[in-house]
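Protein chains in written order, with my numbering: chain A, 1040 to 1320; chain B, 4 to 252; chain C, 2 to 270. Here a beta-carbon is modelled for each residue, glycine too, at the ideal position from N, C-alpha and C. These numbers were taken from a predicted model, which means no experiment stands behind them. One structure below.
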Amino acid sequence: MEIKVDKLSFDYQKDIPIEKRLINKLSFTIEQDKITVIIGKNGSGKTTLLELMNGLLKPQSGKIIIGDYVIDKKNTVDKEFHKKVGFLFQFPEEQFFHSTVEKEIGFSVDQFQYRVNEKEKRVKEALLLVGLNDSYLKRDPLTLSNVEMRKVALASILIYNPKVLFLDEPTVGFDEENKKSFLKLIKRLKKRYHKTIIMVSHDIEFIHKFADEILVLDNGKLITQGDKYEVFKQEKRMKEIGLTVPKMIQFSNLVYEKKGKKIGYRDEINDLIKDIYRYVK
Amino acid sequence: MLNKTFGRYIGKDSKIHLLNPKIKIICFFLQIVMAWISNQIEIQLVLLVFFLLLILQSEISFFLFWKPIWKMKYLLLGICFIEIVTKGFSTFLVVMIMKVVNIMLSSTLYLVSTKQKEIMIGIDFLLSPLNIFSIPTDHFSFLISNSILFLPTLFYEFDKTTKTLTCRGIDYEHSNWKEKFQILSFIIFPLITNVIKKADSMSDIMELQGFQLGEKRTSYLYYSFYLFDWLYLIYHIGFLIVIIKGVML
Amino acid sequence: MENVIEINGLSFGYQRKKIFDSFSLTVKRGVFLTIIGNNSSGKTSLVKLITGLLPSKNEVRIMGIPLNKKNAKKIRSYIGVVFDNPNTGLIGETVMDSLAFPLENLKYDQELILSMIADLAKQLKIESLLRKQVEELSGGEKQLISLASVLIRNPQILILDCAFTMLDSKEKERIYKILKKLHKTTPITIINITQDIEESIYGDEIALMKDGKLLIHDQKEIVYSKEKLLRIMSLEPPFMVSLSTKLGYYHLVDNVFYDMNEMVDALWK
């Protein structure tokens, strides 16, 4: 399912001129089977954009095309859409209301009307997918740790196998170990399950480890789009809009700026060391 | 979606904003009484003009006052319809509608032009006679005025919960009555849980900042009485007397 | 040097979960300590135990005084905490209300309160925010005012509990600057609890906590060198430290550079 956004504009206040809107004539395309990360300082419109792309808000002008669906001023989405497009909100664990993990994860199965005899099997599969075992099934979701709760929330979305997955700050509050395991899961969802993943995050170092595409927002406008190197190369521009670039990139940029040596962009610090060694000698 | 800025304080330097909180709440109370007890169209009309003048004086955009009334249009039309069908058209119906409108204008004006601290001082003043019975009125005034600050949280949580449910396959519009009721229960639980969590978190912070309910505190804002306060009060009392006389005749 | 916080053999847990089992930690006056804890380290419970929001059995001493129910209120006045959620950290409708709140609780009079707010606003450069409503502020501004409402009481100990998790880099930068200045110019003790090891660069000492246990508490340079220990928590030393250490193996630099500019100059003299 390809995603295309075309001259999208939106604001909560109806009578604001387009130039001052929260989302301001935004146009971009998101490729399938890739992990796209949307970055921007707080207030740049990231969460609003996600909500628009899920049909939860109505644009004032422009449109969004996801697969066969068109979202604009006159058209919106139906229940079938939400089955194909999953949305993990920020702090999803705050929305639990079932007494067991099993019921919480299986909730959407009833809503989307799957065959009931498959439900138990699907719940177990979803749980396994996020790295939790059967022992969690009968537990009260509110007694779990924050990380476990978030995994349960994710499982409750993965159970209906959406083709597209929107994630809003999914690793906020995670320690390094949990971030690593989450990263593994995301990569697996992309490679093995061929899901298109769109994530909002402000953890630049973390993003650097897996993003295929990065979209940069500021004041509701698209500043730039491209692979991580193309985007992070523009360090000055990013700084102007309140963002940083990964430290390894900062270092390479600084070396080029001060000493004219093109060290190149690396993902691993050991590779960076090798480059530096070559250039110093 | 519910209006996010409902009842939020809009700061201006108008004469209405600068009113002494004690006088202001008394007059607000008198306004409600006046709108409630008069059953004559002429009086309701005069009250309407009076409130509109006060709104004008407050320098706050009239749109903010119109919005809550417009949102109630179906309810008002519904009442009209029922009345006309059962009892036929009457001036009483018009008076009733005008009462509702006037009370809403007066309430919105109070909420929108009064700081939370001023509301607290006002409620405390109104409840102070109960101190004779050793009732901790300062607890109530503090809690009531602070709960107004929770309105944005309530709207935010409601918004988030309904959006999450939509994404999980809940289709409110295409559900029957029984399902609609069930959906409300899905919303209520996380809503209440989250509001309580936030309140809990805030009370921890208040405790850490040295707050103890019931203990004496100072205030960085003090309110004096000015000429306009007394004129405002006298005018309201006079108006009320006239209305009471009119009702009794 | 006096110990401002002394935790000795602290045991604490809920019905089914034991969080701390004989936990000990000592913090000296004036230190800037970074506590890095994993998700199940109990760090938020620790903050609540230190401030008396959760009960302890004489296992916590603040400035030499054992903390108990009776003196919790007095001892709390020495400690200021900024929590992680910007949306619940401010009491009141406007920024002025939030800054005045703690001073009103101390029963200061109007003139004093207003002058203290004016002084602090000038110091932190937040004069333009004073008349704003709390709801209008961005997440970063809310945390900044939270910090201000804590500093206005001149606490001896400042604790930041994951205060930066919801901020973007510019907002973080602004608060780091204030912390650095505080640390340099006042005898305040700062404890920054975080999961991001990069933040530890601003401090003197580091304590690592995992699953309710203290793995190490030492000068930051020493902790950075304990790579095996860091790896237990899936951590690596901060970027500049790793870079300096590894370049050191090749004899390209001879000490740790925290500043990128200095390192670049050192590499290509």
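I'd like to confirm the pairing. Which residues does DSSP put opposite Ile1055(A) in its beta bridges? Reading the first sequence from its first residue, position 16 is the one you call residue 1055(A). In DSSP, Ile1055(A) forms no bridge with anything.
What does Arg11(B) reach in chain A if we use C-beta pairs closer than 9 Å? Counting from 1 along the second sequence, the entry for residue 11(B) is found at position 8. Result: empty, since nearest Cβ-Cβ is about 14 Å, beyond 9 Å.
Runs of beta strand (DSSP E) lying entirely within the region 18-47 of chain C, each at least 3 residues, in chain order: 19-29 and 33-38
Tell me, to the nearest whole angstrom, how far the beta carbon of Lys247(C) is from that of Ile1312(A); I am working on the premise that it is less than 8 Å. Here residue 247(C) refers to the residue found at position 246 of the third sequence. Here residue 1312(A) refers to the residue found at position 273 of the first sequence. Correct: roughly 5 Å between the Cβ atoms.
Classify Leu5(B) as helix, strand or coil using the three-state DSSP reduction. Indexing the second sequence from 1 puts residue 5(B) at position 2. Caution is warranted here: a pLDDT of 43 is assigned to Leu5(B), below 50, making its placement in the model unreliable, and no coordinate value can be reported.
Are there 16 or more other CB atoms within 10 angstroms of the CB of Arg1227(A), so buried, or fewer, so exposed? Counting from one through the first sequence, the residue named residue 1227(A) turns up at place 188. Looking at its Cβ environment, which holds fewer than 16 other Cβ atoms inside 10 Å, Arg1227(A) is exposed.
Is it buried or exposed for Arg1231(A), if we count other Cβ within 10 angstroms and need 16 for buried? Residue numbering aside, residue 1231(A) sits at position 192 when the first sequence is read from its first letter. By the neighbour-count rule (16 or more Cβ atoms within 10 Å), Arg1231(A) is not buried but exposed.
By DSSP, does Met64(C) sit in helix, in strand, or in coil? Counting from one through the third sequence, the residue named residue 64(C) turns up at place 63. In the structure shown, Met64(C) sits in coil (DSSP, three-state: anything other than H, G, I, E or B).
Taking the C-alpha atoms as reference points, what is the distance between Lys1123(A) and Val1239(A)? Within the first sequence, numbered from 1, the residue matching residue 1123(A) stands at position 84. Within the first sequence, numbered from 1, the residue matching residue 1239(A) stands at position 200. Looking at the two C-alpha atoms, the distance is approximately 19 Å.
Neighbourhood of Lys1260(A) by C-beta distance below 8 Å, restricted to the same chain and skipping five residues each side: Here residue 1260(A) refers to the residue found at position 221 when the first sequence is read from its first residue. Sequence-distant Cβ neighbours of Lys1260(A) in its own chain, meaning closer than 8 Å and more than five residues away, are Asn1063, Lys1064 and Leu1065.
With the cut-off set at 8 Å, would you say Pro238(C) and Leu230(C) are in Cβ contact? Position 237 of the third sequence holds residue 238(C). Position 229 of the third sequence holds residue 230(C). Cβ atoms of Pro238(C) and Leu230(C): not closer than 8 Å.
Which class does Thr196(B) belong to by DSSP, given the choice of helix, strand or coil? For the purposes of this step, residue 196(B) is taken as residue 193 along the second sequence, with counting starting at 1. Helix at Thr196(B).
Inside the region 1138-1170 of chain A only - alpha helix (DSSP H) runs reaching at least 4 residues: 1140-1150 and 1155-1168
With contact counted as at least three CB pairs below 8 Å, one residue from each stretch, are the region 1210-1224 of chain A and the region 1239-1252 of chain A in contact? yes
Using the C-alpha atoms, what's the distance from Gly1079(A) back to Phe161(B)? Here residue 161(B) refers to the residue found at position 158 of the second sequence. Here residue 1079(A) refers to the residue found at position 40 of the first sequence. Cα-Cα distance, rounded: 26 Å.
For Met1277(A) and Asp162(C), I'd like the C-alpha separation in whole angstroms. Here residue 1277(A) refers to the residue found at position 238 when the first sequence is read from its first residue. Here residue 162(C) refers to the residue found at position 161 when the third sequence is read from its first residue. One C-alpha to the other measures close to 28 Å.
Whose Cβ in chain B lies nearer than 8 Å to the Cβ of Ser1147(A)? Locating residue 1147(A) in the first sequence gives position 108, counting from the first residue. Simply Arg171 and Gly172.
Where Met264(C) sits in the DSSP three-state scheme: Position 263 of the third sequence, counted from the first residue, corresponds to residue 264(C). The three-state secondary structure of Met264(C), taken from DSSP, is helix.
Cβ neighbour criterion (16 or more within 10 Å) applied to Lys19(C): As a position in the third sequence, residue 19(C) is number 18, starting the count at 1. Flag for Lys19(C) reads exposed.
Give the straight-line distance between the Cα atoms of Met123(B) and Glu1132(A), rounded to the nearest whole angstrom. Working through the second sequence from its first residue, we reach residue 123(B) at position 120. Working through the first sequence from its first residue, we reach residue 1132(A) at position 93. Near 35 Å, if we compare the C-alpha coordinates of Glu1132(A) and Met123(B).
Is there contact here, the region 1265-1273 of chain A with the region 216-230 of chain C, by at least three beta-carbon pairs under 8 Å? no
So is Lys1298(A) in contact with chain C if we call contact Cβ pairs under 8 Å? Your numbering for residue 1298(A) matches position 259 in the first sequence. Yes - at least one Cβ of chain C is within 8 Å of the one on Lys1298(A).
Contact set for Ser1048(A): own chain, Cβ-Cβ below 7 Å, skip 5 residues either direction: By one-based count along the first sequence, residue 1048(A) stands at place 9. Correct list, in chain order: Ile1057, Arg1060, Ile1062, Asn1063, Lys1064, Pro1098, Gln1099, Ser1100 and Gly1101.
With DSSP as the reference, identify every bridge partner of Asn4(C), one or two as the case may be. Start at 1 with the first residue of the third sequence, and residue 4(C) comes out as number 3. Paired residues: Lys29(C).
Alpha-carbon to alpha-carbon, Leu21(B) and Leu50(B): Against the second sequence, residue 50(B) aligns to sequence position 47. Against the second sequence, residue 21(B) aligns to sequence position 18. The straight-line gap from Cα to Cα measures roughly 22 Å.
Suppose the cutoff is 7 Å on Cβ atoms and the five residues either side in sequence are ignored; what does the same chain contact list for Ala149(C) look like? For this step, residue 149(C) is matched to residue 148 along the third sequence. Within the same chain, Ala149(C) has close Cβ partners Leu100, Leu121, Leu125 and Ile127.
Does DSSP put Asn149(B) in a helix, a strand or coil? Along the second sequence, read from residue 1 onward, the residue named residue 149(B) stands at position 146. Helix at Asn149(B).
Please list the terminal residues of the continuous alpha helix (DSSP H) segment that includes Met101(B). Taking the first residue of the second sequence as 1, we reach residue 101(B) at position 98. Here the alpha helix (DSSP H) through Met101(B) covers Thr94 to Ser116.
If contact means a Cβ-Cβ distance below 7 Å, which residues of the region 183-212 of chain B contact chain A? So the close ones are Phe189, Phe192, Pro193 and Asn197.
What's the call for Val52(B), buried or exposed, on a 16-neighbour Cβ count within 10 Å? Looking up residue 52(B) in the second sequence gives position 49. Val52(B) is exposed by the Cβ-count criterion.
Compute the distance between the beta-carbons of Ile995(A) and Leu1096(A), then report whether it is under 8 Å. This structure leaves residue 995(A) out entirely; chain A is present only between 1040 and 1320.
Please list the terminal residues of the continuous beta strand (DSSP E) segment that includes Asp98(C). Position 97 of the third sequence, counted from the first residue, corresponds to residue 98(C). Where Asp98(C) is concerned, there is no enclosing beta strand (DSSP E), although the alpha helix (DSSP H) it sits in stretches over Val96 to Asn106.
Counting pairs of Cβ atoms below 8 Å between the region 82-101 of chain B and the region 12-27 of chain B, do you hit three or more? no
For Lys70(B), decide whether its Cβ has a neighbour in chain A, counting only Cβ atoms nearer than 8 Å. Counting from 1 along the second sequence, the entry for residue 70(B) is found at position 67. So no, Lys70(B) is outside the interface.
Run the CB neighbour count on Gly91(B), radius 10 Å, all protein chains shown included, and call it buried at 16 or more, exposed below. In the second sequence, the residue the question calls residue 91(B) occupies position 88. Exposed is the call here.
Answer with yes or no whether the minimum CB distance from Pro24(B) to chain C is below 8 Å. Reading the second sequence from its first residue, position 21 is the one you call residue 24(B). Pro24(B) does not count as touching chain C.
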